[in-house]
Amino acid sequence: MRRALVVGNWKMNGTRDSISELLRALVPAVSHGINGVDIVVCPPSPYLTVVADAIKGCEIVLGAQNAWCENGGAYTGEVAPGMLVDCRARYVILGHSERRQQLAETDELIAQKFVAAQREGLIPILCVGETLAQRDDGHAEATVSGQINAVLTVAGVAAFERAIIAYEPVWAIGTGCSASAQEAQQMHAFIRTLIAGHDEEVAGAVQLLYGGSVNPGNAAELFEQADIDGGLVGGASLDAAAFIEICNSVS
Ligand code: PEP
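Count the sequence shown with our numbering and you get residues 8 to 258, in order.
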């Protein structure tokens with residue numbers, strides 16, 4: 008039985024004040040019980056310890072939005088996986104489409120980051136997904152399998168015993184235009200079958216999240232799909248009431 012997981016990706020948003028305000032609403036709501044769902048929040052790196060302190064003793068878990076593929080050295084501006092652990096992060100988002108597109112991160116670099124993150128004990132949330140042009144050209148599955156295979160080649164299938172995969176169609180991120188539950192389920196089933204080709208047990212256990220304009224109105228239908236184990240939520244995770252409603256949508 009896979010546990011449900013909802014991850015909030017705050018992206019490059021927030022100030023110490025606005026984050027404190029968000030957590031003042033989130034922490035008590037989670038402490039009063041959101042049944043059967045694990046909740047992770049991923050603030051911008053400078054705020055990791057602020058958030059770690061604020062969620063202490065609460066069931067919310069800390070994640071980061073990125074990490075470098077080495078654990079230290081002359082990489083100005085980058086953040087080492089070990090630093091994230093030191094700041095009490097347990098998860099790290101890797102391969103988000105905004106980084107793939109705007110920072111030209113390749114499948115190979117992301118695979119190296121994945122390995123480095125796991126080496127330090129972090130749980131990678133590997134983001135995969137196709138652009139609209141790739142979908143329209145009939146290349147959605149080939150794109151996603153290429154992104155996952157790059158990690159499988161370097162890390163091996165057993166690495167997915169300690170990792171999450173988030174399917175995030177690029178055309179659905181921040182657009183208000185989510186994939187339909189059927190489209191999302193279809194790709195999640197494809198991903199699970201892809202992993203099963205390497206190891207059925209790992210495929211049955213790996214948590215697959217959907218991301219792309221998840222909101223309180225569409226979360227329940229998405230989350231009730233057989234292969235969708237929760238969500239990676241961007242914009243709506245900055246609104247405490249909406250995020251709590253999304254977490255409560257897990258059946
Ligand atoms: C994301 O940032 O991963 C995301 C899915 O964003 P949004 O929910 O705003 O589409």
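Every residue, glycine too, gets a C-beta built ideally from N, C-alpha and C. Quick caveat: nothing in here was measured; it's all calculated off a predicted structure.
C-beta contact flag for residue i and residue j at 9 Å
| i | j | result |
| --- | --- | --- |
| G2 | V92 | Given that the chain is displayed from residue 8 to residue 258, the structure contains no residue 2 and the question cannot be resolved. |
| L12 | L216 | yes |
| I180 | S104 | yes |
| V213 | A173 | no |
| A196 | A36 | no |
| C49 | N16 | yes |
| V122 | E168 | no |
| D236 | Q192 | no |
| G211 | R9 | yes |
| A111 | V161 | no |
| A249 | P223 | yes |
| W178 | T138 | yes |
N- and C-terminal bounds of the alpha helix (DSSP H) containing residue i
| i | result |
| --- | --- |
| D114 | D114 to R126 |
| G211 | E207 to A212 |
| P35 | R23 to S38 |
| V151 | A147 to A162 |
| L229 | A226 to F230 |
| E168 | Where E168 is concerned, there is no enclosing alpha helix (DSSP H), given that its DSSP letter is neither H nor E. |
| T200 | A188 to A203 |
| L110 | That residue, L110, is in no alpha helix (DSSP H); it is neither H nor E in DSSP. |
| D143 | L139 to D143 |
Residue i - containing beta strand (DSSP E), residue span
| i | result |
| --- | --- |
| A81 | Premise fails: A81 is in no beta strand (DSSP E) and is neither H nor E. |
| D246 | Element bounds for D246: n/a, residue is neither H nor E. |
| G237 | G237 to V240 |
| V14 | A11 to N16 |
| I132 | I130 to V135 |
| A173 | I171 to Y174 |
Rounded distance between the beta-carbons of residue j and residue i, thought under 8 Å
| i | j | result |
| --- | --- | --- |
| G102 | L133 | 6 Å |
| I100 | N73 | 7 Å |
| I41 | V68 | Not really, about 13 Å apart at Cβ, beyond 8 Å. |
| A96 | G70 | 6 Å |
| V226 | G242 | Note that residue 226 is Ala in the sequence shown, not Val. Incorrect: roughly 13 Å between the Cβ atoms, too far for contact. |
| V240 | V14 | 7 Å |
| I171 | I198 | 11 Å between Cβ atoms; not a contact. |
| M194 | V151 | 7 Å |
Cβ-heavy atom distance, residue i to ligand 2, below 8 Å
| i | result |
| --- | --- |
| H195 | Among the ligands in the structure shown, ligand 2 does not appear; only ligand 1 can be found there. |
Is there contact between the region 178 to 196 and the region 229 to 244, where contact requires at least three CB pairs shorter than 8 Å? Touching, per the Cβ criterion.
At least three beta-carbon pairs within less than 8 Å, the region 53 to 73 to the region 13 to 32: They touch, by the three-pair rule.
In the region 46 to 101, which residue ranges form an unbroken beta strand (DSSP E) of at least 3 residues, counting only runs that do not cross its ends? Within the region 46 to 101, the complete beta strand (DSSP E) runs of at least 3 residues are 67 to 71 and 98 to 101.
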